[in-house]
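Step one of this worksheet: look at the structure below.
Protein chains in written order, with our numbering: chain A, 1 to 371; chain B, 1001 to 1262.
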């Protein structure tokens, strides 16, 4: 098991890079004086934290797209639901400190003249319940969706379109005020989490570090999954699904398990994201966001895990730069990048990096020894 | 074995009395009005090696599809070991019963090693919740080595299957069938695209495999079929045209007319 874990050098290196980078930024923010030239601002900490959440989402997508051949164009739905579960907890923690000062009801409900808490908001004042829901709600949705889709043998572009419709429909539903999730404003004005004020620099650093740990744990989990017998079957399903059936496997069970794990990871990523950006609204379910997330994976290198993390951070760093320097050009740049990667770098940035050493030696067809 | 199992053709209308491994009973498959199989009946005895020949469109591959659950027939039964009706089961259940299949176009898992390809095929628990395991047991390792030795691919075990030559892929697929250890092997055009030497080796291999398994081979190559030295069934327009020894079938005037003559 340990051998399987460290068998992929890129994964080990990216995990180490994520941890070292996050600790470095935390140190640069907390221990270096603001006048120091290497001091990291709270803004930078928040930015890195966001990138890490995106990286976890990309990892979740890579598990199903890169290894099971399920091109989900709707992973935003799992991400958003995890985010909403966290947002509901943060809303409940505001308590009587809201603008309207109601002891239980969040501001938007008072505004809508609601008198009592809807049943599905119960329990979210408890941290354990909210954290359970962060994982459970996306997983259950993935299970039901996957069970129906895979059992009916919906694959390829049809499946992608349905995932896209799923997140779009969810977005429309969450836009409605009477759904009870704050309509198009979403949930915001959060105060604290686990007793720590979200306005404290220390809390921001803690959340960023927690995101880094989540990415590393996600990498470990995904690596173990793809290196196990389960992962070998999954890859076989990706490459020749009907052949796998004739060997006596039921691909739908494998795909379903992978999708549920992936949805849970996406939900956790969304839940870590919300307290760091201070808001969750239905735009997280927007189809374009889910497609962008797929592009991160493609840019980093599909089916490599490490590439998904790299791609998410690289593309989003590029986006941050572009949207301040030349905001009008960002979407063109993103589209261009996607075309460029698809045409010239089918294995993404990671493929390019790992091709460098072998380009000078031999073009190897010999794979690593089966672990 | 094969001689004892020879039944006079035309005796297929009644349910068979002798023990049978596979009994296709009046199988009809229609695709958009085209009858791919037209109440096809066929009996395979346990341990038999059978070659199925016939012109393109005769229904050979469709017959394989029905037996393995890929295609549901419009009518008819396909009894396996006299008790399981294959037309009611899905692909995975049929594979679990002990029917393995090699496709016309070699279908191996190209991005995985030769070793892992055989590992995936190895008989064992197929359930997803039991698959979170690493490496293989000593028993499994021994079995994989044995199977890879049989098909002469042991030295290529660390290579990616996608990097093998066409003939090697065919053998890898046969190795996967062996690892799966089914009671009945369905082999679709195993020597297509092979050199003469490879064809000969493949015929020897199938005869060797037949010592422990029942085999149905679909093939166009008459030299290959002759080398198998087994009972031959010739299909035409979804029905059995002739059945018997290779000499008998190849001298049948109807077979010569529709298939061999040109």
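No residue lacks a Cβ here, since even glycine has one placed at the ideal position from N, Cα and C. Computed from a predicted structure; not experimentally measured.
Is residue i helix, strand or coil when you go by DSSP?
i, result
"residue 1134(B)", "coil"
"residue 1060(B)", "helix"
"residue 338(A)", "helix"
"residue 1007(B)", "Because the pLDDT of residue 1007(B) is 45, which lies under 50, any placement of that residue in the model is unreliable, and the question is left without a value."
"residue 322(A)", "helix"
"residue 1045(B)", "coil"
"residue 232(A)", "helix"
"residue 421(A)", "Because chain A here runs from 1 to 371, residue 421(A) falls outside it and cannot be looked at."
"residue 124(A)", "coil"
"residue 331(A)", "helix"
"residue 66(A)", "helix"
"residue 1239(B)", "strand"
"residue 237(A)", "helix"
"residue 1023(B)", "strand"
Is the beta carbon of residue j closer than 7 Å to that of residue i?
i, j, result
"residue 1103(B)", "residue 1221(B)", "no"
"residue 18(A)", "residue 306(A)", "no"
"residue 137(A)", "residue 169(A)", "no"
"residue 1230(B)", "residue 1049(B)", "yes"
"residue 174(A)", "residue 106(A)", "no"
"residue 207(A)", "residue 275(A)", "yes"
"residue 245(A)", "residue 1173(B)", "no"
"residue 60(A)", "residue 197(A)", "no"
"residue 124(A)", "residue 89(A)", "yes"
"residue 1147(B)", "residue 1175(B)", "yes"
"residue 1(A)", "residue 1134(B)", "yes"
"residue 25(A)", "residue 201(A)", "no"
"residue 285(A)", "residue 171(A)", "yes"
Pick out whichever of the options has its Cα sitting closest to the Cα of residue i.
i, options, result
"residue 1126(B)", "234(A), 182(A), 211(A), 354(A)", "234(A)"
"residue 134(A)", "248(A), 117(A), 82(A), 57(A)", "82(A)"
"residue 308(A)", "280(A), 289(A), 350(A)", "350(A)"
"residue 1094(B)", "1182(B), 1255(B), 1230(B), 1156(B)", "1182(B)"
"residue 218(A)", "266(A), 274(A), 201(A), 199(A)", "266(A)"
"residue 311(A)", "9(A), 297(A), 149(A), 43(A)", "297(A)"
"residue 224(A)", "1131(B), 1033(B), 1071(B)", "1131(B)"
"residue 1211(B)", "1046(B), 1154(B), 1176(B)", "1046(B)"
"residue 240(A)", "1117(B), 1031(B), 1044(B)", "1117(B)"
"residue 1075(B)", "1037(B), 1051(B), 1178(B), 1111(B)", "1037(B)"
"residue 300(A)", "278(A), 315(A), 287(A)", "315(A)"
"residue 271(A)", "29(A), 343(A), 87(A)", "87(A)"
"residue 181(A)", "9(A), 112(A), 103(A), 335(A)", "112(A)"
"residue 1165(B)", "1139(B), 1179(B), 1192(B)", "1192(B)"
"residue 1071(B)", "1082(B), 1107(B), 1083(B), 1028(B)", "1028(B)"
"residue 142(A)", "322(A), 66(A), 353(A), 159(A)", "159(A)"
"residue 255(A)", "146(A), 119(A), 96(A), 109(A)", "146(A)"
"residue 253(A)", "122(A), 97(A), 148(A)", "148(A)"
"residue 317(A)", "333(A), 303(A), 304(A), 126(A)", "333(A)"
"residue 72(A)", "236(A), 336(A), 287(A)", "287(A)"
"residue 1107(B)", "247(A), 291(A), 30(A)", "247(A)"
Nearest-angstrom Cα distance between residue i and residue j?
i, j, result
"residue 185(A)", "residue 15(A)", "36 Å"
"residue 195(A)", "residue 93(A)", "9 Å"
"residue 57(A)", "residue 295(A)", "12 Å"
"residue 362(A)", "residue 355(A)", "Low local confidence applies: a pLDDT of 44 at residue 362(A) is under 50, so the model's placement there is unreliable, with the coordinate-based value given in what follows. If you take the alpha carbons of residue 362(A) and residue 355(A), they lie about 10 Å apart."
"residue 1213(B)", "residue 1236(B)", "27 Å"
"residue 164(A)", "residue 140(A)", "18 Å"
"residue 75(A)", "residue 156(A)", "16 Å"
"residue 1086(B)", "residue 1184(B)", "13 Å"
"residue 1073(B)", "residue 1054(B)", "20 Å"
"residue 1040(B)", "residue 1078(B)", "10 Å"
"residue 36(A)", "residue 1161(B)", "56 Å"
"residue 23(A)", "residue 77(A)", "30 Å"
"residue 1020(B)", "residue 1026(B)", "16 Å"
"residue 324(A)", "residue 150(A)", "43 Å"
"residue 280(A)", "residue 8(A)", "36 Å"
"residue 1061(B)", "residue 1196(B)", "24 Å"
"residue 116(A)", "residue 69(A)", "45 Å"
"residue 99(A)", "residue 322(A)", "37 Å"
"residue 53(A)", "residue 212(A)", "8 Å"
"residue 231(A)", "residue 242(A)", "17 Å"
"residue 1177(B)", "residue 44(A)", "57 Å"
"residue 226(A)", "residue 161(A)", "26 Å"
Please list the partners that residue i has in chain D, where partner means a Cβ-to-Cβ separation under 8 Å.
i, result
"residue 236(A)", "Going by chain labels, chain D is absent from the structure shown, which instead holds the protein chains A and B."
Can you list the beta strand (DSSP E) stretches of 3 or more residues lying completely in the region 1095-1161 of chain B, in chain order? Within the region 1095-1161 of chain B, the complete beta strand (DSSP E) runs of at least 3 residues are 1099-1102.
Quick one: complete alpha helix (DSSP H) runs, 4+ long, within the region 155-226 of chain A? Fully enclosed alpha helix (DSSP H) runs of 4 or longer: 156-175.
Segments assigned alpha helix (DSSP H), at least 4 residues, entirely inside the region 127-158 of chain A: If we require 4 residues or more, the alpha helix (DSSP H) runs fully inside the region 127-158 of chain A come out as 127-151.
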